[in-house]
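A.B. asks:
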Amino acid sequence: MARLVMSNLVYGRMAKLLMLVVAAAALGTGPALADCKNTGSFSRWFKGFKAEALAAGISERTISIALRGIELDPKIIRRDRRQGFFAQDFGTFSKKLATNNRITNGRKKIKKRNTYFERAENDYGVPPEVITAFWALESDFGSGMGDYSILRALATLAYDCRRKELFTGELIEALKILDKGWVKPSDMIGSWAGEMGQTQFLPKHYLEHAVDYDDDGTRNLFASDADIIGTTAAFIKHLGWRRGEPWIQEVRVPPQLPWEKADLSIKLPRSQWAEWGVTAADGNPLKSDDLPASLLLPMGHKGPAFLAYPNFNIYVEWNNSLTYCITAAYLATRIKGAGSMQGRDRKIPILSVDEAKQVQRILTKRGYDVGKIDGIIGAKTRSAVKEMQIKYGLPADSFPTPVLLGHLRNG
0 MARLVMSNLV YGRMAKLLML VVAAAALGTG PALADCKNTG SFSRWFKGFK
50 AEALAAGISE RTISIALRGI ELDPKIIRRD RRQGFFAQDF GTFSKKLATN
100 NRITNGRKKI KKRNTYFERA ENDYGVPPEV ITAFWALESD FGSGMGDYSI
150 LRALATLAYD CRRKELFTGE LIEALKILDK GWVKPSDMIG SWAGEMGQTQ
200 FLPKHYLEHA VDYDDDGTRN LFASDADIIG TTAAFIKHLG WRRGEPWIQE
250 VRVPPQLPWE KADLSIKLPR SQWAEWGVTA ADGNPLKSDD LPASLLLPMG
300 HKGPAFLAYP NFNIYVEWNN SLTYCITAAY LATRIKGAGS MQGRDRKIPI
350 LSVDEAKQVQ RILTKRGYDV GKIDGIIGAK TRSAVKEMQI KYGLPADSFP
400 TPVLLGHLRN G
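Following numbering that gives the first Met the number 0, the numbering of the sequence shown begins with 0 at its first residue and continues without gaps.
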């Protein structure tokens, strides 16, 4: 699928799929197995899976009804094997996702469902804006959940050799949801990767964290705003949300700064950033306190800047893409009332995907582990870039530029 013509909804769902990569890596079945070959028939595997589901406590009735007519979908396997993860720069990506329309619709949703949002904040400490930002990015409040049979998708991916263990477990969890009577099999329409509901939960997360906020005896993340709000808040709290604290703040940075300190892994008291001349986006002083904060420069020291506080950690738990995380956190602040982003539209030299791959290849030849050479500037690439910037006397903001690429090419 061409990167430039993808819809915002596709970008949101693709970003969320990075969670699957992290989970797969933990099982030892990550992208390295992308070229594995399937052996044995789907029907034979399917028969064995039904026995496994029965042994896991799923009722015969649920197995019979839910899995009736399920067939292998080769398109899903091809899509899963395809390296479809985006390599957009932050400016382009955030423009596509953190739109004025989503800001407006988020505020409308909060006003319309205020009772449930207030309850969720009282129960879990999670502000309405944080919930609605995820809700907007993941499905545009239900209009873009996907159109795949989740059960067929999960069965296909559980059969496939690449991540069998992960998706076999997720398929069993989906059947447990059906066994509880929370939704019907016909309701399970969503992502090709098996994500479910309007905030796109994997079945395991759905089963473990869903709450019945409308008191109807079910936990429906496909159609009940109340259950979606309560469940999303419960999951965010589970990820480590700290009540009453900020999550991200756009800031202004001075012309000179110890740029090597701009790193998600480096947390300094907010007072230290204030002492170095960092201010709020409107120019007002920062609070001079001990709240830990990391300085994030997603487009380098000349682009937009953010302080990420401890609550930003939940975004990293939700999704493995830093670009997605900053966008989601920023969108939440906009829904709350923050001003529009500064610095995003400056003429900042951006590497093309091919140039980014060149950077990764050169760094790899020099002994750095940058992960897959894909043009996506992840944590490993940023770390290596910072070291090279220090070596060449460039601002060590971890953002690769044509200037850095020139140095790397010339040795």
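Cβ coordinates follow ideal geometry from the N, Cα and C atoms, glycine included.
Keep in mind the model is a prediction, meaning the values are calculated, not measured.
1. Just to confirm the assignment, what range does the alpha helix (DSSP H) spanning Val384 have?
2. Here's a check: name, in chain order, each residue in its chain whose Cβ is nearer than 6 Å to the Cβ of Thr417, leaving out the five neighbours to either side.
3. Starting from Ala152, trace the beta strand (DSSP E) in both directions and tell me its first and last residue.
4. So, are the CB atoms of Leu404 and Leu350 less than 9 Å apart?
5. Can you confirm whether the stretch 321 to 331 touches the stretch 353 to 365 when touching is taken to mean that 3 or more C-beta pairs between the two stretches lie within less than 8 Å?
6. Below 6 Å CB to CB, which residues in the same chain sit around His406 once its five sequence neighbours on both sides are set aside?
7. Compute the Euclidean distance between the alpha carbons of Arg101 and Ala135, then round it to the nearest angstrom.
8. Once you ignore the five residues that flank Lys236 on each side, which residues in its own chain have a CB closer than 7 Å to its CB?
9. Would you tell me roughly how many angstroms separate the C-alpha atoms of Tyr308 and Ser142, rounded to the nearest one?
10. What is the rounded straight-line gap between the Cα of Arg2 and the Cα of Thr91?
11. Using DSSP with H/G/I as helix, E/B as strand and the rest coil, what is Gly229?
12. So, is Glu128 buried or exposed, given that buried needs 16 or more other C-beta atoms within 10 angstroms?
13. Would you list, in sequence order, the uninterrupted beta strand (DSSP E) runs of no fewer than 3 residues that lie entirely inside the stretch 281 to 311?
14. Which first and last residues belong to the beta strand (DSSP E) in which Arg251 is found?
15. Would you mind reading off the limits of the alpha helix (DSSP H) that contains Cys324?
16. Within this structure, are the beta carbons of Phe140 and Gln197 separated by less than 9 Å?
17. Are the stretch 293 to 303 and the stretch 55 to 68 touching by the rule of at least three beta carbon pairs closer than 8 Å?
18. In this structure, what does DSSP give as the bridge partners for Met195?
19. Just how far apart, CA to CA, sit Lys179 and Ser223?
20. For the ligand ADP, any of its heavy atoms closer than 8 Å to the Cβ of Ser142?
21. With a threshold of 16 other CB atoms inside 10 Å of the CB of Ile443, please say whether the residue is buried or exposed.
22. Pick from Tyr158, Arg162, Asp213: whose alpha carbon is nearest that of Trp181?
23. Please say whether Gly239 and Ile188 have beta carbons closer to each other than 9 Å?
24. Might you give, ordered along the chain, the residues of its own chain that have their beta carbon closer than 7 Å to the beta carbon of Thr155, omitting 5 neighbours on each side?
25. Does DSSP put Ile268 in a helix, a strand or coil?
26. Excluding five sequence neighbours on each side, which residues of the same chain lie with their C-beta closer than 8 Å to the C-beta of Arg251?
C.D. replies: In short, the structure shows the following:
1. Against the sequence shown, residue 384 aligns to sequence position 385. Counting along the chain, the alpha helix (DSSP H) containing Val384 begins and ends at 378 to 391.
2. Outside the shown range of the chain (0 to 410) lies residue 417, about which nothing can therefore be said.
3. Your numbering for residue 152 matches position 153 in the sequence shown. Here Ala152 belongs to no beta strand (DSSP E); instead the alpha helix (DSSP H) covers 149 to 158.
4. Within the sequence shown, numbered from 1, the residue matching residue 404 stands at position 405. Within the sequence shown, numbered from 1, the residue matching residue 350 stands at position 351. For Leu404 and Leu350, yes; Cβs fall inside 9 Å.
5. no
6. Translated into the one-based positions of the sequence shown, residue 406 becomes position 407. The residues are Tyr391.
7. Numbered from its first residue, the sequence shown carries residue 101 at position 102. Numbered from its first residue, the sequence shown carries residue 135 at position 136. The straight-line gap from Cα to Cα measures roughly 6 Å.
8. To locate residue 236, count along the sequence shown from 1; it is residue 237. Excluding positions up to five away in sequence, the list reads Tyr123, Gly124, Val125.
9. Taking the first residue of the sequence shown as position 1, residue 308 is located at position 309. Taking the first residue of the sequence shown as position 1, residue 142 is located at position 143. Taking the straight line joining both Cα atoms gives about 31 Å.
10. In the sequence shown, counting from the first residue as 1, residue 2 sits at position 3. In the sequence shown, counting from the first residue as 1, residue 91 sits at position 92. Caution applies to Arg2, whose pLDDT of 28 falls short of 50 and renders its modelled position unreliable; the value that the coordinates give is listed next. If you take the alpha carbons of Arg2 and Thr91, they lie about 11 Å apart.
11. The count along the sequence shown starts at 1 and reaches residue 229 at position 230. Gly229 falls in the helix class under three-state DSSP.
12. The residue given as residue 128 occupies position 129 in the sequence shown. By the 10 Å Cβ count, Glu128 comes out buried.
13. 291 to 295, 304 to 307
14. Against the sequence shown, residue 251 aligns to sequence position 252. Element bounds for Arg251: 247 to 251.
15. For the purposes of this step, residue 324 is taken as the residue at position 325 of the sequence shown. Taken as a continuous stretch (DSSP letters only), the alpha helix (DSSP H) holding Cys324 covers 321 to 335.
16. Position 141 of the sequence shown, counting from 1, holds the residue named residue 140. Position 198 of the sequence shown, counting from 1, holds the residue named residue 197. Result yes, Cβ atoms of Phe140 and Gln197 sit closer than 9 Å.
17. no
18. Taking the first residue of the sequence shown as 1, we reach residue 195 at position 196. According to DSSP, Met195 bridges with Phe200.
19. By one-based count along the sequence shown, residue 179 stands at place 180. By one-based count along the sequence shown, residue 223 stands at place 224. For Lys179 and Ser223, the distance between alpha carbons rounds to 17 Å.
20. Although the ligand ADP was asked about, the structure shown includes no ligands whatsoever.
21. The question about residue 443 has no answer here: the residues shown for the chain are numbered 0 through 410.
22. Translated into positions along the sequence shown, residue 181 becomes position 182. Nearest of Tyr158, Arg162, Asp213 to Trp181, Cα basis: Asp213.
23. On the sequence shown, residue 188 is found 189 positions in, with the first residue counted as 1. On the sequence shown, residue 239 is found 240 positions in, with the first residue counted as 1. Not a contact, by the Cβ cut-off of 9 Å.
24. For the purposes of this step, residue 155 is identified with residue 156 of the sequence shown, where counting begins at 1. For Thr155, where only same-chain residues beyond five positions count, the Cβ hits under 7 Å are Leu71, Asp72, Ile75, Ile76.
25. By one-based count along the sequence shown, residue 268 stands at place 269. According to the sequence as given, residue 268 is Pro; it is not Ile. It is a strand residue.
26. Looking up residue 251 in the sequence shown gives position 252. The residues are Val277, Thr278, Ala279, Ala280, Gly282, Ala304, Gln341.
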